[in-house]
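Peer 1: Using our numbering, read the sequence shown as starting at 220 and increasing by one per residue.
Before I ask anything, let me first share the structure, which is written out below as structure tokens.
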Amino acid sequence: MIIIKYAQIREMDISNGEGVGVSLFVQGCPFHCINCFNQETWNYDKGKEWNDTIKNTFLNLINKSYITRVSLLGGEPLYNKNLDGILDLCKTIKGKYFSKTIWIYSGYKYEDIFNSTSDDMLKRQEIIKLCDIMVDGRFVESLKDMNLKFRGSSNQRLISIKHSLEKRCIVLYN
Numbered sequence: 220m221i222i223i224k225y226a227q228i229r230e231m232d233i234s235n236g237e238g239v240g241v242s243l244f245v246q247g248c249p250f251h252c253i254n255c256f257n258q259e260t261w262n263y264d265k266g267k268e269w270n271d272t273i274k275n276t277f278l279n280l281i282n283k284s285y286i287t288r289v290s291l292l293g294g295e296p297l298y299n300k301n302l303d304g305i306l307d308l309c310k311t312i313k314g315k316y317f318s319k320t321i322w323i324y325s326g327y328k329y330e331d332i333f334n335s336t337s338d339d340m341l342k343r344q345e346i347i348k349l350c351d352i353m354v355d356g357r358f359v360e361s362l363k364d365m366n367l368k369f370r371g372s373s374n375q376r377l378i379s380i381k382h383s384l385e386k387r388c389i390v391l392y393n
């Protein structure tokens with residue numbers, strides 16, 4: 220069984236991406252941003268165990284016709300201990316529900332992920348390539364802006380992954 224530690228599943232989420240989605244808040248984060256809204260997800264060991272029953276429940280939630288999006292956030296979905304599980308989940312979602320968009324929120328910057336060839340970064344690249352929108356960058360309290368859509372601070376970007384990969388440069392999502 221591939222392990223993910225998670226904190227919460229939100230069944231009808233309208234705040235972490237466009238449309239109505241299902242959100243998975245994973246457990247574990249190495250960044251510890253000052254005034255993070257989700258500090259209780261930092262410690263990987265405090266999360267709930269992901270198993271086949273939870274995965275199937277999650278996939279059944281996604282299967283509803285009004286669900287247009289899946290959001291992966293946390294904690295840090297690209298945290299090294301969650302990589303195999305998140306990769307497996309993204310592959311499953313794209314294979315079964317190819318019309319659903321996948322949003323991923325990460326403290327890692329897009330260019331840092333694609334400018335490295337370490338084993339963990341290669342897995343992160345593979346995950347990102349399966350997603351549609353990435354909100355990248357750590358939350359920065361001094362750049363906090365409550366008027367921004369889908370992100371907390373102005374340094375964070377909404378990136379169109381498909382277009383960024385095609386053009387080989389960062390293309391922002393509007």
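Quick reminder that beta carbons are idealized off the backbone N, C-alpha and C, glycines included.
Could you check where the alpha helix (DSSP H) with phenylalanine 277 kicks off and where it finishes?
Peer 2: Mapped onto the sequence shown, residue 277 falls at position 58. Phenylalanine 277 -> alpha helix (DSSP H) spans 271 to 281.
Peer 1: Between which two residues does the beta strand (DSSP E) carrying glycine 240 extend?
Peer 2: Residue numbering aside, residue 240 sits at position 21 when the sequence shown is read from its first letter. From DSSP, the beta strand (DSSP E) with glycine 240 extends over 240 to 245.
Peer 1: Taking tyrosine 298 and proline 249 to be in contact with their CB atoms under 8 Å, please state how far apart those CB atoms are, rounded to whole angstroms.
Peer 2: Taking the sequence shown and counting its residues from 1, one reaches residue 298 at position 79. Taking the sequence shown and counting its residues from 1, one reaches residue 249 at position 30. Their Cβ separation, rounded to whole angstroms, is 6 Å, which keeps tyrosine 298 and proline 249 in contact under 8 Å.
Peer 1: State the DSSP-derived secondary structure class of threonine 320, mapped to helix, strand or coil.
Peer 2: For the purposes of this step, residue 320 is taken as the residue at position 101 of the sequence shown. Residue state, collapsed to three classes: strand.
Peer 1: Which of helix, strand or coil does DSSP assign to isoleucine 352?
Peer 2: The sequence position of residue 352 within the sequence shown is 133, counting from 1. It is a strand residue.
Peer 1: Return the first residue and the last residue of the alpha helix (DSSP H) that serine 197 is part of.
Peer 2: The question about residue 197 has no answer, for the chain in this structure spans 220 to 393.
Peer 1: Mind reading off the beta-carbon distance from aspartate 351 to isoleucine 380? Whole number of angstroms is fine, and I expect it under 8 Å.
Peer 2: Locating residue 351 in the sequence shown gives position 132, where the first residue counts as 1. Locating residue 380 in the sequence shown gives position 161, where the first residue counts as 1. Correct: roughly 6 Å between the Cβ atoms.
Peer 1: May I ask you to verify whether the stretch 367 to 384 touches the stretch 267 to 285, counting CB pairs closer than 8 Å and requiring at least 3?
Peer 2: Short answer: they don't touch.
Peer 1: Straight-line CA distance for valine 390 to threonine 287?
Peer 2: To locate residue 390, count along the sequence shown from 1; it is residue 171. To locate residue 287, count along the sequence shown from 1; it is residue 68. Roughly 22 Å separates the two Cα atoms.
Peer 1: Between the stretch 299 to 314 and the stretch 230 to 238, do at least 3 Cβ pairs fall closer than 8 Å?
Peer 2: No, because fewer than three Cβ pairs between the stretch 299 to 314 and the stretch 230 to 238 fall closer than 8 Å, the two stretches do not touch.
Peer 1: Just how far apart, CA to CA, sit phenylalanine 244 and methionine 353?
Peer 2: One-based indexing of the sequence shown puts residue 244 at position 25. One-based indexing of the sequence shown puts residue 353 at position 134. Rounded to the nearest angstrom, the two C-alpha atoms are 15 Å apart.
Peer 1: Classify tyrosine 285: buried if its beta carbon has 16 or more other beta carbons within 10 angstroms, exposed otherwise.
Peer 2: In the sequence shown, residue 285 corresponds to position 66, counting from 1. Flag for tyrosine 285 reads exposed.
Peer 1: Going straight from the alpha carbon of leucine 362 to that of aspartate 355, what length do you get?
Peer 2: In the sequence shown, residue 362 corresponds to position 143, counting from 1. In the sequence shown, residue 355 corresponds to position 136, counting from 1. Going from the Cα of leucine 362 to the Cα of aspartate 355 covers about 14 Å.
Peer 1: Considering only residues of the stretch 289 to 338, which uninterrupted alpha helix (DSSP H) runs meet the minimum length of 4 residues and lie entirely inside it, listed in chain order?
Peer 2: Listed in chain order, the complete alpha helix (DSSP H) runs (minimum 4 residues) inside the stretch 289 to 338 are 302 to 315 and 329 to 333.
Peer 1: To the nearest angstrom, how far is the alpha carbon of valine 289 from that of asparagine 366?
Peer 2: What you label residue 289 is simply residue 70 of the sequence shown in a count that begins at 1. What you label residue 366 is simply residue 147 of the sequence shown in a count that begins at 1. Distance between the alpha carbons of valine 289 and asparagine 366 is about 23 Å.
Peer 1: Need the endpoints of the beta strand (DSSP E) that isoleucine 228 sits in, please.
Peer 2: As a working mapping, residue 228 is identified with position 9 in the sequence shown. Element bounds for isoleucine 228: 224 to 232.
Peer 1: Applying the 10 Å Cβ sphere with the 16-neighbour rule, what's the burial state of glutamine 258?
Peer 2: Counting from one through the sequence shown, the residue named residue 258 turns up at place 39. Its Cβ having fewer than 16 others within 10 Å, glutamine 258 is exposed.
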